[in-house]
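>
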Amino acid sequence: MNRPNRADIAAVILIVYFLPIIALSGYGVSLMPLKQGWNLFSIGIAGSFIGSLALFIMICRWNALRTPTEAPVAQEIESIAEEIEPTDIPVTDHLEQAITEWQQKYESQLTELQRKEEELRQFQETQEQTQQQQTLISQELETYRNASEEQLQFKEQTLQESQQLVREQRAQIEKQQQHIAFLESKERDLHYEIKTLLQLTSYEAPAEEKSAAAHTLVEEEDFSSSNTQFAPATPSAMHTPELASIQLKRFLDTATKMTGAHYYGNHATRLPVDNYALDLRRLCDTLSDEKSYIVFVYSQKENKLLYTNGQVKNVLGCAPEKFTQHFPELVSDQSEEWKKGVSQLPTTPEVRVALSMKARSGQNVPLQCYMGAIHTGLFRYHAIGLMYQPAESK
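Set out below in structure tokens:
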């Protein structure tokens, strides 16, 4: 049978005690006279007795259904109510076993708690050490960063100073090289003047010897049958094809042997000097000494005259610069002959062309032109030519 609860007991008391008494009392007061009220009162007492008896029976059955584990608790409650000493309470084996188990559990939990506390303490110490190490590393990193920035600034400053020094030294070197180039140019000019003087001396000596020999031959021979007597050789008397050919070969030989690279400045420098203009000037100065022929320098690449000596003014009456500049117009009537002669320069040692040019006075002056190409040396792909007025046209 199931154990009754408090709700059941309260329901029994309400039904057995209160409801009957209230119902009967109310009925007796309202309907019955006073004499009959004692009957109802007796019935109420009887009902109360029956209810008490039923309640007593239920309590007894409740005590009989209690479990053995609830007995020590009930005894403990009764001992407290009766104010009995705890030492007087008998302890059963079951309670001792439970207490022992609880003590073991408590000790194990306490040990586990201590272990956790120790682990927590070690973790906190480790965390503190880690934080200290992190702080030290941060400080070292900051120190290294500051030192690196200082070193970088120092290196950048040193690099800028070095670059500035290099720029200054480069500017000084360029100035020195320009000065050296200027001195080399002066040296070349002086060397050229000395060489020109030596060449003039060498040319004048054979001419004087030939003139003396000619005078000797003229004095020894008798030309009594003619009124013409040979004087010393003059430019007009030397205008013969043979002498013109010899003179052209001499000019070509001089131009071919002219050198400049072996004593000029070093061409590997940073400021190389173009010696072409200087060499051309040297050649033109050498040709300008010729007084018997119109001498010119022709460029096969540029297909134009580069230079004409001053003898052209004596023959045609025009300045050398104008003759050089307007030469294509002067030979426009004989352009085919001129082009044919120029085309033969690479393969023919000596080219002869008959030209007719208008002088400043308006007369047409016939000229014999001799040209030869320079195949080696400084003036390769250039040609030297000379013109003279034939004797029969004078």
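Residues in the sequence shown are numbered from 0 upward in steps of one, following numbering that gives the first Met the number 0.
Each residue gets a CB set at the ideal place from its N, CA and C atoms; glycine is no exception.
Please read all numbers here as calculations on a predicted model, not as lab measurements.
1) Helix, strand or coil for Met57 per DSSP?
2) Name the residue from Gln162, Leu329 and Asp288 whose alpha carbon lies nearest to the alpha carbon of Gly361.
3) Skipping 5 residues on each side, what residues in its chain have a beta carbon closer than 8 Å to that of Thr233?
4) Does the Cβ-Cβ distance between Leu304 and Thr323 come in under 7 Å?
5) Taking the continuous alpha helix (DSSP H) assigned at Arg359, which residues delimit it?
6) Count the other C-beta atoms from every protein chain shown that fall within 10 angstroms of the C-beta of Gln367, then say buried if there are 16 or more, exposed otherwise.
7) Starting from the Cα of Arg281, find the closest Cα among Ile58, Glu167 and Leu196 and give me that residue.
8) When you compare the CB positions of Glu336 and Val352, do they come within less than 7 Å of one another, or not?
9) Is Gly376 helix, strand or coil by DSSP?
10) Grab the span of the beta strand (DSSP E) containing Lys303 for me, first residue to last.
11) Answer yes if the region 275-292 comes into contact with the region 381-389, meaning at least three C-beta pairs across the two stretches below 8 Å, and no otherwise.
12) Do Ala358 and Val350 have their beta-carbon atoms positioned less than 7 Å apart in this structure?
13) Start and end of the beta strand (DSSP E) containing Ala382?
14) Compute every distance between the C-beta of Gln130 and the non-hydrogen atoms of the ligand SAM, then say whether any falls below 6 Å.
15) Smallest Cα separation from Gly371: which of Ile245, Leu354 and Asp288?
16) What residue range is occupied by the uninterrupted beta strand (DSSP E) comprising Tyr297?
17) Which stretch, first to last residue, makes up the alpha helix (DSSP H) that contains Thr255?
18) Taking the Cβ atom as the reference point for each residue, do Val255 and Thr347 lie within a distance shorter than 7 Å?
19) Near Ala243, what residues of its chain come up, given a Cβ to Cβ distance below 8 Å and the 5 sequence neighbours on each side ignored?
The answer reads as follows:
1) Along the sequence shown, one-based indexing puts residue 57 at 58. Note: Met57 maps to helix in three-state DSSP.
2) Within the sequence shown, residue 361 is the residue found at index 362, counting from 1. It is Leu329.
3) To locate residue 233, count along the sequence shown from 1; it is residue 234. Interpretation of Thr233 is limited by its pLDDT of 39, a score under 50 that renders its predicted location unreliable; the figure taken from the coordinates is listed afterwards. So the list is empty, once near-sequence residues are dropped.
4) Position 305 of the sequence shown, counted from the first residue, corresponds to residue 304. Position 324 of the sequence shown, counted from the first residue, corresponds to residue 323. For Leu304 and Thr323, yes; Cβs fall inside 7 Å.
5) Here residue 359 is taken as the residue at index 360 of the sequence shown, counted from 1. No alpha helix (DSSP H) holds Arg359; DSSP gives it neither H nor E.
6) Within the sequence shown, the letter at position 368 stands for residue 367. It counts as buried.
7) Residue 281 sits at position 282 when you count from the first residue of the sequence shown. Closest by alpha carbon: Leu196.
8) Counted from its first residue, the sequence shown places residue 336 at position 337. Counted from its first residue, the sequence shown places residue 352 at position 353. Cβ distance < 7 Å, so Glu336 and Val352 count as in contact.
9) Start at 1 with the first residue of the sequence shown, and residue 376 comes out as number 377. Correct three-state label for Gly376: coil.
10) Working through the sequence shown from its first residue, we reach residue 303 at position 304. Here the beta strand (DSSP E) through Lys303 covers Lys303 to Thr307.
11) yes
12) On the sequence shown, position 351 is the one that residue 350 refers to. On the sequence shown, position 359 is the one that residue 358 refers to. Taking 7 Å as the Cβ cut-off, Val350 and Ala358 do not qualify as a contacting pair.
13) Here residue 382 is taken as the residue at index 383 of the sequence shown, counted from 1. Its beta strand (DSSP E) spans residues His381 to Tyr387.
14) No copy of the ligand SAM appears in this structure; indeed no ligand is present at all.
15) Sequence index remark: in the sequence shown, residue 371 carries index 372 (1-based). Closest by alpha carbon: Ile245.
16) Sequence index remark: in the sequence shown, residue 297 carries index 298 (1-based). It spans Ile293 to Ser298 - the beta strand (DSSP E) in which Tyr297 sits, taken as one unbroken run.
17) Counting from 1 along the sequence shown, the entry for residue 255 is found at position 256. Per DSSP, Thr255 belongs to the alpha helix (DSSP H) from Pro240 to Lys256.
18) Numbered from its first residue, the sequence shown carries residue 255 at position 256. Numbered from its first residue, the sequence shown carries residue 347 at position 348. Sequence check: residue 255 is Thr here, not Val. No, the pair does not count as a contact, with Cβ atoms beyond the cut-off.
19) Taking the sequence shown and counting its residues from 1, the one referred to as residue 243 is at position 244. Cβ within range, chain order: Tyr292, Gln367, Tyr369, Leu385 and Tyr387.
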